[in-house]
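Student:
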Amino acid sequence: MSRAVAIEVSHLGKVYDKVRAVDDVSFQVYAGEIFGLLGPNGAGKSTILRILITLLHPTSGSARIFGLDSVKDADRVRKTIGYVPQERAIDRFLTGREHLELLADLHHLSAEEASTRIPQLLKLVELEAQADRPAKTYSGGMKRKLDIACGLLPDPKVLFLDEPTLGLDVPSRLRIWDHVRAMRDRGITVVMTTNYLDEADQLCDRIAIIDGGRIKTLGSPTELKVGVGGDLVSLTVREHDRVDTLASAVNILPAVRAVKTRPNGLDIRVDSPEKALPAILEAANRLTCQLEFIDYHRPRLDDVFIAQTGRSIKDDQPKDDDQ
Amino acid sequence: MKEYWQEIRALTMRWVRRLSREKFSMLFTLVQPMLFWLIFFGNLFQRAADMQVTQAASYISFLTAGVVIMTVLNNGLAGGVDLLFDKENGFLERLMSTPIHRSSVILSRFIFVMTITSLQVLVILAVAWLFGVQPVTGFPGVAAILFIGMMFGVGLTAISMAMAFSVKSHGDFFSVLGFLSLPMIFLSSALVPLTAMPGWMGFLAQFNPMTWAIDAVRPLILQGWTEALPHVGMVIVVMVLFDALCLYGGARVFRRAIG
Ligand SMILES: Nc1ncnc2c1ncn2[C@@H]1O[C@H](COP(=O)(O)OP(=O)(O)O)[C@@H](O)[C@H]1O
Ligand SMILES: [Mg+2]
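Sequence order for the protein chains is W and V.
Take the first sequence: its letter number 317 is residue 1558 in my numbering, and every next letter is one higher.
Take the second sequence: its letter number 150 is residue 153 in my numbering, and every next letter is one higher.
What follows is the structure, given as structure tokens:
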């Protein structure tokens, strides 16, 4: 693939006091894609983002945004990016419109530019009706929309979103996803972090799975899922002592790729479920091995995550913060 | 330069807007607790305070200079609070990810705090005037008082902002603040002249920049230019040193925190 590279991160490292938050991370983000950093809390996602937006200096390695170094050309980087922080970075006492007016001045927009762009953005994020109310009266979803409008105000080439839907209800999340897709469609490169698997799966063009400050794997959600192996068929057997017999019978079936035994059943990776399922059932029948339960699913990003990190992302998932 | 001004104006307006949105805090900013010191302390100690010692027509006229500088002290030391909240809720990060001069946020804060402090000092002087305290040096004297207050305020605000950037939690910030302000007041000439203090307190009070500020403001109110000028000259030297020290330390902390 020869696509234009928007962001080039090479051998990035960041050590806080003694904590190694980011460890030799390298990746590229292509222009015009939605790139996701997926990982549990404390994985180092925000740290990477803060380096990219010039707020943190890396301990080692470098990051370039459209060829500009995040440390040496920090001023010019800041002119090309928009940023939506992880915390609701909202001033409770200012109205939505005043937030945008403030940022317009900080991005040195002229009065005319500001007065055309601000109403457009308020419309885009559907905050027109509440634009002149202080932000303390906003719901979590509305604050997030304002956050995003603030990030878009400078008309950035790259937009950085840190956990854009953390703690939001489902409808608000879906709407934020729509906004993010709309930005990509307008040609903006989006880099976002998330610890929601479904979000990474459905929203991002490519993702890097991060754990303990390192990239575990990188690719499009589909590539990653294919990489884990085929679809998964799980059987639960009534007589547990028949598991091994069944396993050896299933293992030699043509459409079966791999078989793993559990105390009460089998996990079978299959290439094509249409061929494999009947064959597996027939084998069980032949051995008069009674099945209690059959589950079939395509590989999910959960499976990728578990395969790469050895644990589930939900194991240490914190409670969503309140709104 | 034009851009610099655009940033600073917008950031300063934000502080003004925040204040005006909180009706109560707006009210209490103008009718500050310091006024109670002036009114209650000033009148309460009228008979208890010895005129021979205070060298003033009334205790309240003696106390006015102290209350003026105490106002500067409180405002200055609290000057970093809003930045602390901005740091904690991520707003500062948002501001700093924009292409502004790194110093704009700090400068806007100085401008805002100095303006509010000056207004409060004027309110104090007006209330003192109601109790019969008229600065003998007139309006030029009042201007000089404001100038001295600002010089002291700049250093204090710098300390406060440096603290806001370096503390781990805002609990720490307020503990240090509470810990700092009372000794600063008692170990100064705000409430009694140094000559009337126990020796060790008077000794320590000499090193308090607040004492120097008060000793210059007081003759501007009570005595006149001839008596005041040497003190004013002296306080300018002291404050230049004090501000230089605070700004240097503050700039280091700021650079480490924000880069
Ligand atoms: N300012 C800081 N000082 C010290 N340690 C930090 C700081 N910020 C983050 N860390 C540590 O770095 C690691 C990565 O944090 P972070 O990048 O915020 O992760 P994520 O955004 O993936 O949740 C964590 O172990 C965190 O405790
Ligand atoms: Mg984070």
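Every residue gets a Cβ at the ideal spot worked out from N, C-alpha and C, and that includes glycine.
Note that the structure is predicted; figures quoted are calculated from it, not measured.
Indicate whether glutamate 1464 of chain W and threonine 1434 of chain W have their beta-carbon atoms separated by less than 8 Å.
Tutor: Result no, Cβ atoms of glutamate 1464 of chain W and threonine 1434 of chain W do not sit closer than 8 Å.
Student: Flag glutamate 1328 of chain W as yes if its beta-carbon sits less than 8 Å from any beta-carbon of chain V, otherwise no.
Tutor: Yes, its Cβ sits closer than 8 Å to a Cβ of chain V.
Student: Taking only the alpha-carbon atoms, compute the straight-line gap between methionine 4 of chain V and arginine 1317 of chain W and give it to the nearest angstrom.
Tutor: Rounded to whole angstroms, methionine 4 of chain V to arginine 1317 of chain W spans 17 Å at the Cα level.
Student: Just to check my reading of the structure: leucine 1341 of chain W and leucine 1394 of chain W have Cβ atoms closer than 8 Å, yes? What is that Cβ distance to the nearest angstrom?
Tutor: With 8 Å as the limit, leucine 1341 of chain W and leucine 1394 of chain W qualify as a contact, their Cβ atoms being about 6 Å apart.
Student: Does any CB atom of chain V fall closer than 8 Å to the CB of glutamine 1564 of chain W?
Tutor: For glutamine 1564 of chain W, the pLDDT reaches just 34, beneath the cut-off of 50, and the residue's location in the model is therefore unreliable, although a value from the coordinates is still provided. Not an interface residue.
Student: Report all residues from its chain with a CB closer than 8 Å to the CB of glutamate 1354 of chain W; omit the five preceding and five following residues, and keep chain order.
Tutor: Correct list, in chain order: Ala1345.
Student: Taking buried to mean at least 16 other C-beta atoms within 10 Å of its own C-beta, is tryptophan 132 of chain V buried or exposed?
Tutor: That one is exposed.
Student: Let me know the secondary structure DSSP gives alanine 1352 of chain W once reduced to three states.
Tutor: DSSP places alanine 1352 of chain W in helix when its eight states are reduced to three.
Student: Mind listing which residues of the region 1518-1546 of chain W have their C-beta closer than 8 Å to chain V's C-betas, in chain order?
Tutor: Those residues of the region 1518-1546 of chain W that come within reach of chain V (Cβ to Cβ, closer than 8 Å) do not exist; the list is empty.
Student: Under the DSSP definition of a beta bridge, which residues are partnered with alanine 1499 of chain W?
Tutor: W/Arg1510.
Student: Please report the distance separating the alpha-carbon of valine 1432 of chain W from that of leucine 1347 of chain W.
Tutor: For valine 1432 of chain W and leucine 1347 of chain W, the distance between alpha carbons rounds to 22 Å.
Student: Give the list of continuous beta strand (DSSP E) stretches no shorter than 3 residues that lie fully inside the region 1358-1441 of chain W.
Tutor: As far as the region 1358-1441 of chain W is concerned, its whole beta strand (DSSP E) runs of at least 3 residues are 1399-1403, 1430-1435.
Student: Output the distance between the C-alpha atoms of glycine 236 of chain V and tyrosine 1257 of chain W, rounded to the nearest integer angstrom.
Tutor: Spanning the two alpha carbons is a distance of roughly 47 Å.
Student: Quick check on glycine 156 of chain V - is its C-beta less than 8 Å from some C-beta in chain W?
Tutor: No, glycine 156 of chain V lies away from the interface with chain W (no Cβ there is under 8 Å from its Cβ).
Student: Checking contacts by CB at 8 Å: is serine 100 of chain V closer than that to chain W?
Tutor: Output row for serine 100 of chain V: interface = yes.
Student: Along the chain, where does the beta strand (DSSP E) that runs through glutamine 1269 of chain W open and close?
Tutor: Looking at the DSSP string, the run of the beta strand (DSSP E) that includes glutamine 1269 of chain W is 1260-1271.
Student: Roughly how many angstroms lie between the CA atoms of leucine 248 of chain V and glycine 158 of chain V, to the nearest whole one?
Tutor: Those two C-alpha atoms are separated by around 8 Å.
Student: For phenylalanine 1307 of chain W, which option in W/Leu1368, W/Arg1329, W/Ile1322, W/Asp1512 has the closest C-alpha, if you only look at C-alpha atoms?
Tutor: Residue W/Ile1322 is the option with its Cα nearest to phenylalanine 1307 of chain W.
Student: What separation, rounded to the nearest whole angstrom, lies between the Cα atoms of serine 64 of chain V and glycine 253 of chain V?
Tutor: The straight-line gap from Cα to Cα measures roughly 35 Å.
Student: With 8 Å as the threshold, decide whether the Cβ of arginine 20 of chain V is near any Cβ in chain W.
Tutor: Output row for arginine 20 of chain V: interface = yes.
Student: Leaving out five residues before and five after arginine 1333 of chain W in sequence, what residues of the same chain have Cβ atoms less than 6 Å from its Cβ?
Tutor: Closer than 6 Å at the Cβ level, and outside the excluded window around arginine 1333 of chain W, lie Ala1376, Lys1377.
Student: Going by alpha carbons, who is nearest to asparagine 77 of chain V out of V/Thr67, V/Leu95, V/Gln49, V/Val116?
Tutor: Closest by alpha carbon: V/Val116.
Student: To the nearest whole angstrom, what separates the beta carbons of leucine 304 of chain V and alanine 161 of chain V, a pair I think is in contact under 8 Å?
Tutor: Only positions 4 to 262 of chain V appear in this structure, which leaves residue 304 of chain V out of reach.
Student: Which stretch, first to last residue, makes up the beta strand (DSSP E) that contains serine 1303 of chain W?
Tutor: 1301-1306 is the span of the beta strand (DSSP E), which, as asked, contains serine 1303 of chain W.
Student: Should the region 162-170 of chain V be called in touch with the region 80-96 of chain V, which here means at least 3 C-beta pairs below 8 Å?
Tutor: Taking 8 Å as the limit for Cβ pairs, the verdict is that the region 80-96 of chain V does touch the region 162-170 of chain V.
Student: Whole angstroms is fine: what's the gap from serine 1301 of chain W's alpha carbon to lysine 1255 of chain W's?
Tutor: Roughly 7 Å between the two C-alpha positions.
Student: Are at least three pairs of beta-carbons, each pair with one atom in the region 1497-1515 of chain W and one in the region 7-15 of chain V, less than 8 Å apart?
Tutor: At 8 Å Cβ cutoff, the stretches do not touch.
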